[in-house]
Amino acid sequence: MKAINNSEEKLPLEQLVSKLKDEDIKYSKLSKSLLYIYVVLIGFYAIATLLLFIFERHSNQFYGAICYLVSFIIFAILFRQYYKEYKSVDYSLPTIQMLKQAAYRYKPFQWRLLWLLLVIGIIDAGFTLTVDFHFSFWTTQMFILGVFALAFVIGIIYWRVRYKPLRDNVLHLIKEIES
Numbered sequence: 122m123k124a125i126n127n128s129e130e131k132l133p134l135e136q137l138v139s140k141l142k143d144e145d146i147k148y149s150k151l152s153k154s155l156l157y158i159y160v161v162l163i164g165f166y167a168i169a170t171l172l173l174f175i176f177e178r179h180s181n182q183f184y185g186a187i188c189y190l191v192s193f194i195i196f197a198i199l200f201r202q203y204y205k206e207y208k209s210v211d212y213s214l215p216t217i218q219m220l221k222q223a224a225y226r227y228k229p230f231q232w233r234l235l236w237l238l239l240v241i242g243i244i245d246a247g248f249t250l251t252v253d254f255h256f257s258f259w260t261t262q263m264f265i266l267g268v269f270a271l272a273f274v275i276g277i278i279y280w281r282v283r284y285k286p287l288r289d290n291v292l293h294l295i296k297e298i299e300s
């Protein structure tokens with residue numbers, strides 16, 4: 122389904138709810154797929170970590186593998202929460218309550234995303250421990266943080282194009298109903 126490109130275009134409630142349902146289903150499926158990917162990665166890194174524990178217990182590779190494993194577990198937990206949240210959206214709630222929940226779901230910055238800062242730090246530690254580019258520590262940090270900053274910018278652009286117009290419509294309807 123095509124995203125709403127013009128944030129000035131206001132949708133009637135029925136069309137907006139239909140678009141929300143479609144997006145919630147897509148987001149639920151995406152979260153489920155990513156959850157499965159992370160479960161596979163967790164299995165792979167659990168085996169790799171176990172082998173490193175047996176053969177190289179005190180190496181940087183072992184500690185880096187632990188960092189990756191922990192970060193993948195946190196990602197899997199987050200995607201499981203997202204999957205459950207988007208799969209179980211209740212559209213039978215009173216309209217204003219349902220719209221407020223939708224506005225929060227499509228808000229780009231939520232409190233639980235603070236977990237991502239922890240995951241970024243853990244991945245950074247794992248990357249720093251396992252990858253040797255023969256660069257200084259600070260050069261490696263600038264590279265890693267540059268990659269994460271680029272991913273952040275791409276994510277915000279994607280949200281702005283795909284979900285902001287939908288969220289703007291929801292906020293507009295909330296404002297209309299409350300006034």
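The letter at position 53 of the sequence shown is residue 174 when you use the working numbering, and the numbering goes up by one with no holes.
Don't be surprised by glycine CBs; every beta carbon is placed ideally from N, CA and C.
- Query: Comparing alpha-carbon positions, which option in Y284, L237 and G247 lies nearest I198?
  - Reply: L237
- Query: Relative to the alpha-carbon of Q136, which residue among I168, V291 and G267 has its alpha-carbon at the smallest distance?
  - Reply: V291
- Within 8 Å, strictly: CB atoms of Y166 and F193: yes
- Tell me, please, whether the segment 197-217 touches the segment 135-154 by the rule of three or more beta-carbon pairs shorter than 8 Å. Between the segment 197-217 and the segment 135-154, the count of C-beta pairs closer than 8 Å reaches three or more; the two stretches touch.
- Task: Check each candidate in Y203, W280, I175 and K296 and name the one with the smallest Cα separation from P229.
- Result: Out of Y203, W280, I175 and K296, W280 has the C-alpha closest to the C-alpha of P229.
- 8 Å Cβ cutoff met for V282 and I243: no
- Message: I'd like the list of long-range same chain contacts for K123, defined as Cβ closer than 8 Å, with 5 residues on each side in sequence excluded.
- Response: For K123, the predicted model reports a pLDDT of 45, less than 50, meaning its position is unreliable; a value from the coordinates is still stated below. If we look at K123 and ignore the five residues flanking it on each side, it has no Cβ neighbours.
- Message: For a test of the three-state rule: what should DSSP assign to P215, helix, strand or coil?
- Response: coil
- Task: Output yes or no for whether 8 Å exceeds the beta carbon distance between R288 and A224.
- Result: The Cβ-Cβ distance between R288 and A224 falls below 8 Å.
- Message: Please report the distance separating the alpha-carbon of L145 from that of F176.
- Response: Note that residue 145 corresponds to Asp in the displayed sequence, not to Leu. Those two C-alpha atoms are separated by around 46 Å.
- Message: Can you give me the C-alpha to C-alpha distance between Y204 and L235, rounded to a whole angstrom?
- Response: 18 Å
- Task: Tell me whether P286 sits in a helix, a strand or coil according to DSSP, three-state version.
- Result: helix
- Query: Thinking just about the alpha-carbon of each residue, which of L134, L132, S180 and I168 is nearest to the one in G247?
  - Reply: S180
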